[in-house]
Amino acid sequence: MRIIIKPVGAIVIVFALIALAGMLYAKSRISSPKSAAQKSGSPVSKSVAKAEKSTPRKNNINSTVIDPNATKWKLVTQAPAVAAMTDILVSELPGDNKHAVRLIVDEVDPAKFWCAQMIKEVPQDVLSGKNMVVHFWGRSPKNTSVWFIFEEGKSPHAPELQQKVTFTPEWKQYKLPFRT
Numbered sequence: 084m085r086i087i088i089k090p091v092g093a094i095v096i097v098f099a100l101i102a103l104a105g106m107l108y109a110k111s112r113i114s115s116p117k118s119a120a121q122k123s124g125s126p127v128s129k130s131v132a133k134a135e136k137s138t139p140r141k142n143n144i145n146s147t148v149i150d151p152n153a154t155k156w157k158l159v160t161q162a163p164a165v166a167a168m169t170d171i172l173v174s175e176l177p178g179d180n181k182h183a184v185r186l187i188v189d190e191v192d193p194a195k196f197w198c199a200q201m202i203k204e205v206p207q208d209v210l211s212g213k214n215m216v217v218h219f220w221g222r223s224p225k226n227t228s229v230w231f232i233f234e235e236g237k238s239p240h241a242p243e244l245q246q247k248v249t250f251t252p253e254w255k256q257y258k259l260p261f262r263t
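Just so you know, we're using the working numbering here: the sequence shown kicks off at 84 and counts up by one.
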């Protein structure tokens with residue numbers, strides 16, 4: 084399994100994702116897969132707050148967290164896209180973890196937005212029929228849209244999550260529930 088982030092038709096994209104909260108995939112009781120974006124400082128449910136620790140474990144609601152630090156993000160580009168990715172520290176991020184990833188896309192064809200992708204391999208098997216949540220903080224100075232895709236790491240690459248997110252200039256906490 085892998086997570087893919089694809090910019091959508093933007094000339095310049097700058098956004099950062101927290102390494103710890105960058106990708107938390109948690110099995111949870113989610114009634115329907117809908118996007119939820121919360122501003123920093125918004126209340127977070129107890130089950131989500133417990134899922135934000137950095138080590139994989141079972142918590143009291145029988146939820147498994149995939150360690151977000153087990154694999155690194157990688158940038159994959161193909162012509163005509165021109166992009167760069169850097170690891171940075173961002174002091175204004177909430178919480179103790181200030182590590183983030185910045186993606187700058189200088190050129191991308193809106194009809195071929197998949198030509199610039201940030202990919203993160205999921206370091207363990209993910210069974211089908213499970214409720215999952217991709218949980219992260221993000222922002223973009225220019226309200227840039229990106230696609231978040233969770234898909235099988237081998238052919239036919241059928242996406243189980245395929246959701247467009249439009250970042251705002253302020254840091255926001257995003258939770259994208261889906262079912263495998």
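The beta-carbon is built from N, C-alpha and C at its ideal position, and this holds for glycine as well.
The model shown is predicted, which means the values in this text are computed figures rather than measured ones.
By a beta-carbon distance limit of 8 Å, THR263 contacts GLY212. Their separation comes to about 6 Å. The distance from the Cβ of ASN214 to that of PRO260 is about 7 Å, consistent with a contact at the 8 Å cut-off.
Just so you know, the alpha carbons of LYS258 and PRO242 end up roughly 17 Å apart. For ARG185, the enclosing beta strand (DSSP E) covers residues 182-190.
The C-beta separation of ALA166 from VAL184 comes to about 12 Å, leaving the pair out of contact by the 8 Å criterion. According to the DSSP assignment, LYS203 belongs to the beta strand (DSSP E) that extends over 199-204.
Rounded to the nearest angstrom, the gap between the Cα atoms of VAL217 and LEU244 is 9 Å.
If you draw a straight line from the Cα of TRP230 to the Cα of LYS195, it comes to about 13 Å. Ranking PHE233, PRO239, SER228 and GLU235 by CA distance to the CA of THR249 puts SER228 first. By the Cβ-count criterion, ALA153 is exposed, with fewer than 16 other Cβ atoms from all chains shown falling within 10 Å of its own Cβ.
Nearest in C-alpha terms to ALA162, of all of GLN246, ASN226, LYS225 and GLN200, is GLN200. A direct Cα-to-Cα measurement between LYS247 and ALA164 gives close to 19 Å. Excluding sequence positions up to five before and after THR160, its CB lies within less than 7 Å of the CB of ALA166, CYS198 and ALA199, all in the same chain and listed in chain order. Distance from the CA atom of VAL205 to the CA atom of ASP170, rounded to whole angstroms, is 19 Å.
The straight-line gap separating the alpha-carbon atoms of GLU234 and LYS157 is approximately 16 Å.
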